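Here's the structure we're looking at; comments come further down.
Number of protein chains: 2
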Amino acid sequence: MSVTAPLGFRAAGIAAGIKASGGRDLALVVNDGPSRAAAGVFTANRVKAAPVLWSQQVLSGGRLKAVVLNSGGANACTGPEGFQDTHATAEKVAEVLQDSAGEVAVCSTGLIGERLPMEALLAGVDQAAGQLSKNGGLAAADAIRTTDTVSKISFKRGEGGYMVGGMAKGAGMLAPALATMLCVITTDADLTSEELDAVLRRATSLTFDRLDADGCMSTNDTVLLLASGAAGVRPDLEEFGRKVTEVCADLARQLLVDAEGASKAIAIEVIGAACEQDAVNVGRTVSRSNLLKCAIHGEDPNWGRVLAAVGTTDAVFEAERLNVAINGIWVCRGGGVGDDRSKVDMRPRDVTITIDLSAGPHTATIHTTDLTAAYVHENSAYSS
Amino acid sequence: MSVTAPLGFRAAGIAAGIKASGGRDLALVVNDGPSRAAAGVFTANRVKAAPVLWSQQVLSGGRLKAVVLNSGGANACTGPEGFQDTHATAEKVAEVLQDSAGEVAVCSTGLIGERLPMEALLAGVDQAAGQLSKNGGLAAADAIRTTDTVSKISFKRGEGGYMVGGMAKGAGMLAPALATMLCVITTDADLTSEELDAVLRRATSLTFDRLDADGCMSTNDTVLLLASGAAGVRPDLEEFGRKVTEVCADLARQLLVDAEGASKAIAIEVIGAACEQDAVNVGRTVSRSNLLKCAIHGEDPNWGRVLAAVGTTDAVFEAERLNVAINGIWVCRGGGVGDDRSKVDMRPRDVTITIDLSAGPHTATIHTTDLTAAYVHENSAYSS
Numbered sequence: 120m121s122v123t124a125p126l127g128f129r130a131a132g133i134a135a136g137i138k139a140s141g142g143r144d145l146a147l148v149v150n151d152g153p154s155r156a157a158a159g160v161f162t163a164n165r166v167k168a169a170p171v172l173w174s175q176q177v178l179s180g181g182r183l184k185a186v187v188l189n190s191g192g193a194n195a196c197t198g199p200e201g202f203q204d205t206h207a208t209a210e211k212v213a214e215v216l217q218d219s220a221g222e223v224a225v226c227s228t229g230l231i232g233e234r235l236p237m238e239a240l241l242a243g244v245d246q247a248a249g250q251l252s253k254n255g256g257l258a259a260a261d262a263i264r265t266t267d268t269v270s271k272i273s274f275k276r277g278e279g280g281y282m283v284g285g286m287a288k289g290a291g292m293l294a295p296a297l298a299t300m301l302c303v304i305t306t307d308a309d310l311t312s313e314e315l316d317a318v319l320r321r322a323t324s325l326t327f328d329r330l331d332a333d334g335c336m337s338t339n340d341t342v343l344l345l346a347s348g349a350a351g352v353r354p355d356l357e358e359f360g361r362k363v364t365e366v367c368a369d370l371a372r373q374l375l376v377d378a379e380g381a382s383k384a385i386a387i388e389v390i391g392a393a394c395e396q397d398a399v400n401v402g403r404t405v406s407r408s409n410l411l412k413c414a415i416h417g418e419d420p421n422w423g424r425v426l427a428a429v430g431t432t433d434a435v436f437e438a439e440r441l442n443v444a445i446n447g448i449w450v451c452r453g454g455g456v457g458d459d460r461s462k463v464d465m466r467p468r469d470v471t472i473t474i475d476l477s478a479g480p481h482t483a484t485i486h487t488t489d490l491t492a493a494y495v496h497e498n499s500a501y502s503s
Numbered sequence: 120m121s122v123t124a125p126l127g128f129r130a131a132g133i134a135a136g137i138k139a140s141g142g143r144d145l146a147l148v149v150n151d152g153p154s155r156a157a158a159g160v161f162t163a164n165r166v167k168a169a170p171v172l173w174s175q176q177v178l179s180g181g182r183l184k185a186v187v188l189n190s191g192g193a194n195a196c197t198g199p200e201g202f203q204d205t206h207a208t209a210e211k212v213a214e215v216l217q218d219s220a221g222e223v224a225v226c227s228t229g230l231i232g233e234r235l236p237m238e239a240l241l242a243g244v245d246q247a248a249g250q251l252s253k254n255g256g257l258a259a260a261d262a263i264r265t266t267d268t269v270s271k272i273s274f275k276r277g278e279g280g281y282m283v284g285g286m287a288k289g290a291g292m293l294a295p296a297l298a299t300m301l302c303v304i305t306t307d308a309d310l311t312s313e314e315l316d317a318v319l320r321r322a323t324s325l326t327f328d329r330l331d332a333d334g335c336m337s338t339n340d341t342v343l344l345l346a347s348g349a350a351g352v353r354p355d356l357e358e359f360g361r362k363v364t365e366v367c368a369d370l371a372r373q374l375l376v377d378a379e380g381a382s383k384a385i386a387i388e389v390i391g392a393a394c395e396q397d398a399v400n401v402g403r404t405v406s407r408s409n410l411l412k413c414a415i416h417g418e419d420p421n422w423g424r425v426l427a428a429v430g431t432t433d434a435v436f437e438a439e440r441l442n443v444a445i446n447g448i449w450v451c452r453g454g455g456v457g458d459d460r461s462k463v464d465m466r467p468r469d470v471t472i473t474i475d476l477s478a479g480p481h482t483a484t485i486h487t488t489d490l491t492a493a494y495v496h497e498n499s500a501y502s503s
């Protein structure tokens with residue numbers, strides 16, 4: 120299912136020989152219309168990979184015929200030659216589809232600072248084009264994996280019978296905005312590119328942007344939303360927004376659970392904030408405390424490390440009015456010792472840390488993982 | 120030597136029974152004058168431990184008779200009762216010295232969120248007072264250790280014959296401002312508290328504030344500078360500033376080398392910055408990239424992770440003009456692939472990453488460590 124769950128889409132995932140492992144490493148997603156409306160959200164990193172620079176330019180037109188994605192190389196920090204490689208990839212896709220390169224988005228993921236093996240990649244585009252099918256969604260999702268241990272796919276049915284489908288990859292460098300990831304979402308509903316853009320920005324701000332596995336922001340993050348209009352349904356915009364958000368949230372959850380070396384999925388729930396931005400900032404800052412992430416890994420409800428992190432933010436709060444609960448036990452009340460910390464059950468994989476700033480009605484939840492020796496191993500044993 | 124290297128100071132370090140290990144855990148440093156001028160710099164964390172709140176108040180008077188320090192408990196997030204404990208500790212020191220509690224600073228370090236065992240601590244003050252001596256500097260430096268594997272001490276002789284001595288502790292939560300640490304610096308030169316304050320702020324901004332082991336800011340950081348005037352020397356202020364900075368740099372280096380679980384000492388040297396603040400911000404941001412710290416641990420000169428971190432800052436730079444050298448090899452030039460990365464020798468413990476922003480003449484160096492499985496173990500295996 121994945122990106123081919125909605126009508127009007129074909130996809131393929133093949134092994135082009137880009138990855139040393141020999142596994143699938145090139146995916147192609149094609150929108151057969153009748154509509155080609157599309158929108159994209161990209162990394163906020165100022166060092167952007169060539170495919171991000173290219174796809175941003177393409178998306179300014181609000182239309183996409185196809186998306187070509189490769190794992191095995193990020194094509195980031197590769198200079199004008201790297202941009203030329205991306206351009207050539209889009210031209211090749213346009214050629215095999217007899218369409219315009221100006222409506223072909225390109226996504227790459229893998230090691231930064233190395234050129235892509237273009238001969239293999241361009242031959243792979245031919246091969247992928249030959250295998251495009253309405254059942255190709257799973258193979259495409261498989262082909263964009265890097266250190267992901269599983270493919271990430273999702274789909275939901277909307278009111279009136281339209282579908283939203285999606286695939287994503289990402290297992291490290293998960294940080295806003297966005298998480299380090301590639302994501303393609305498709306729908307057979309009929310919407311304008313402006314509508315898609317508004318819906319996608321809101322959906323990603325509530326989901327992928329609130330995922331922070333290791334605080335590291337990628338050069339390649341891309342989330343695309345393509346609408347074929349093939350179901351002939353003009354959905355209610357709010358209802359459509361909810362469906363896209365559900366798909367994004369589902370994929371974000373899958374990314375979190377598969378994050379490199381993680382043994383815990385931690386929800387940092389900030390309540391009582393003076394504004395939503397305060398809640399997000401506090402959650403983000405706490406989610407980046409290596410000391411706290413180690414403590415959670417050790418199943419230690421060390422709320423002092425939560426307060427130490429909250430204290431580094433400029434959110435509205437008074438230290439003596441902070442309350443912290445871990446898995447429902449209010450271990451810190453009024454900035455000091457609260458209920459007995461030995462009552463906290465730290466054994467489940469899911470850990471919820473609730474931080475009450477006692478400063479207002481606003482809330483936000485940031486999702487992160489623990490810091491483990493396995494994370495260190497995965498990110499020090501080889502280049503990625 | 121340590122804090123008792125200059126004339127006019129006595130110190131002691133004893134086992135009061137605060138630490139479960141039974142090791143030394145209480146230090147007392149006394150200034151016998153004739154001067155009592157003093158200055159202090161404290162954590163920027165908004166969640167401040169009781170002893171920080173107390174000592175900031177004391178230092179507003181610009182005079183210190185004594186400093187009492189304990190390991191085995193941070194007395195942070197302990198509410199009004201914790202502040203009362205700090206107050207009682209200062210009163211006890213004043214009593215044994217027949218002096219004023221208003222000129223006694225208190226420092227604590229250890230686990231956040233637990234009350235101190237006051238009976239043991241107050242008895243310890245009596246014991247320490249009985250052991251005060253001009254040779255007590257080493258015992259005092261030993262008593263403030265937590266996860267530090269060695270004591271940190273330093274001393275330098277100034278022009279005209281005065282001395283500057285110091286001791287410090289800190290092995291985790293090393294982040295500005297300041298690194299998670301306690302530090303007491305003494306001198307027998309004769310200076311006003313205003314002069315000491317200016318010198319200390321400048322010295323810490325160039326040393327401890329540029330140390331960032333794990334990005335976590337403590338609730339207890341304190342650096343104190345006490346002048347007895349016993350050498351009868353009024354030093355040149357600039358020369359005195361250099362000496363204090365040298366002592367701070369020496370202690371900072373010792374903290375870095377002893378940082379929890381570290382196997383590499385990494386200097387992030389930022390050059391070509393439009394202003395000093397840009398250089399500091401870029402260095403700090405790069406020093407906090409878990410992915411980069413893992414790569415350095417794995418002896419992988421992964422400059423892509425450097426650029427990915429630089430790109431998240433708001434410093435003045437253009438991505439295509441960034442250059443990066445690792446241990447002297449310019450592996451990234453003009454934002455792209457530079458010299459052969461296989462030429463980089465990653466085996467030495469010291470690793471220097473030079474980032475040229477190509478945007479101006481300013482520079483700054485931030486010191487950090489690699490991220491290791493040992494760090495994870497040390498911070499997850501027990502509460503600290």
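Chains as they are written, first to last, in the numbering used here: chain Z, 120 to 503; chain R, 120 to 503.
Even glycine gets a Cβ: it sits at the ideal position worked out from N, Cα and C.
What you are looking at is a predicted structure, and each value in this text was computed from that prediction instead of being measured.
Since R:K412 and R:D331 are thought to touch, with beta carbons under 8 Å apart, how far apart are those beta carbons, to the nearest angstrom? Wrong, their Cβ atoms sit about 10 Å apart, outside the cutoff.
Check whether chain R comes within 8 Å of Z:S461, counting only Cβ atoms and requiring the distance to be less than that. By this cut-off, Z:S461 is not an interface position.
What does Z:H496 touch in chain R if you count any residue whose Cβ is under 9 Å from its own? C413, G417 and A492
Between R:T305 and R:P125, is the Cβ-Cβ spacing less than 8 Å? yes
Could you tell me which residues DSSP puts in a beta bridge with R:E388? R:T473 and R:T484
Spatial neighbours of R:C226 within its chain, please: C-beta separation below 6 Å, excluding the five flanking residues on both sides. P170, L188, L301 and T341
Helix, strand or coil for R:H496? Go by DSSP, reduced to three states. helix
Does the beta-carbon of Z:K462 have 16 or more other beta-carbons within 10 angstroms, so that it is buried, or is it exposed? Counting of Cβ neighbours within 10 angstroms places Z:K462 among the exposed residues, the total staying below 16.
Let me see if you follow: with CB-CB separation under 8 Å, is Z:I116 close to chain R or not? For residue 116 of chain Z there is no data in the structure shown, the boundaries of chain Z being 120 and 503.
Between R:V435, R:S408 and R:P467, which lies nearest to R:G391 when the distance is taken from Cα to Cα? Closest option to R:G391, Cα to Cα, is R:V435.
Is it the case that the Cβ atoms of Z:A398 and Z:T491 are separated by a distance below 8 Å? no
Rounded to the nearest angstrom, how far is the Cβ of R:V149 from that of R:A185, given a contact under 8 Å? 5 Å
Could you check how far apart the C-beta atoms of R:G191 and R:D144 are, in whole angstroms? I think they sit under 8 Å. 5 Å
is_contact[Z:A444, chain R] using C-beta, thresh 8 Å: With respect to chain R, the C-beta atom of Z:A444 has no partner C-beta closer than 8 Å.
Counting only the same chain and skipping the five closest in sequence on each side, list residues whose C-beta sits under 6 Å from that of Z:G454. A438, E439 and L441
Which value, in whole angstroms, describes the spacing of the CA atoms of Z:T268 and Z:V303? For Z:T268 and Z:V303, the distance between alpha carbons rounds to 19 Å.
Nearest-angstrom beta carbon gap, Z:K288 and Z:I74 [assumed within contact, 8 Å]: Because chain Z here runs from 120 to 503, residue 74 of chain Z falls outside it and cannot be looked at.
Taking only the alpha-carbon atoms, compute the straight-line gap between R:A157 and R:Q176 and give it to the nearest angstrom. 13 Å
Taking all protein chains shown into account, decide if R:L410 is buried (16 or more other Cβ within 10 angstroms of its Cβ) or exposed. So R:L410 ends up on the buried side.
Candidates R:K138, R:I472, R:D464 and R:A386, of which the one nearest R:G423 by Cα: R:I472
Go through its chain and collect everything with a Cβ distance to R:T65's Cβ below 7 Å, but skip five positions before and after it. Not covered by the structure: residue 65 of chain R. The range shown for chain R is 120 to 503.
CA-to-CA distance, Z:E214 to Z:L257, given in whole angstroms: A straight-line Cα-Cα distance of about 25 Å links Z:L257 and Z:E214.
Does the beta-carbon distance from Z:G285 to Z:P354 come in below 8 Å? no
So with Cβ pairs under 8 Å, would you call Z:W422 a contact of chain R? Yes, its Cβ sits closer than 8 Å to a Cβ of chain R.
How would you list, in chain order, the residues of chain R whose beta-carbon sits under 8 Å from the beta-carbon of Z:N164? Ordered by position in chain R, the residues that pass the 8 Å Cβ test against Z:N164 are A427, G430 and T431.
Could you check whether the region 356-371 of chain R touches the region 477-484 of chain R, counting it as contact only if at least three pairs of C-beta atoms, one from each stretch, sit closer than 8 Å? no
Please give me, in chain order, every unbroken run of the alpha helix (DSSP H) with length at least 4 that falls completely inside the region 397-484 of chain R. Listed in chain order, the complete alpha helix (DSSP H) runs (minimum 4 residues) inside the region 397-484 of chain R are 409-416 and 422-429.
R:S273, enclosing beta strand (DSSP E) - first and last residue: K271 to R276
Between which two residues does the alpha helix (DSSP H) containing Z:M237 stretch? M237 to G249
Rounded to a whole number of angstroms, what is the C-alpha to C-alpha distance between Z:K167 and Z:A195? 7 Å
Counting only C-beta atoms, is Z:T197 closer than 8 Å to chain R at any point? Chain R, which has a Cβ nearer than 8 Å to the Cβ of Z:T197, makes this yes.
Give a yes or no on whether 8 Å exceeds the smallest Cβ distance from R:I474 to chain Z. no
Count the C-beta pairs between the region 344-359 of chain Z and the region 313-323 of chain Z that are closer than 8 Å, then say yes if the count reaches three, no if not. yes
Quick one: is R:L183 buried, meaning 16 or more other Cβ sit within 10 Å of its Cβ, or exposed? buried
Any chain R beta carbon closer than 8 Å to Z:L293: Reliability fails at Z:L293, whose pLDDT of 47 lies under 50, so the model's placement of it is uncertain and the value that follows must be treated cautiously. It does not; no Cβ of chain R falls within 8 Å.
I need the straight-line Cα distance from R:M465 to R:S179, nearest angstrom please. Taking C-alpha positions only, R:M465 is separated from R:S179 by approximately 48 Å.
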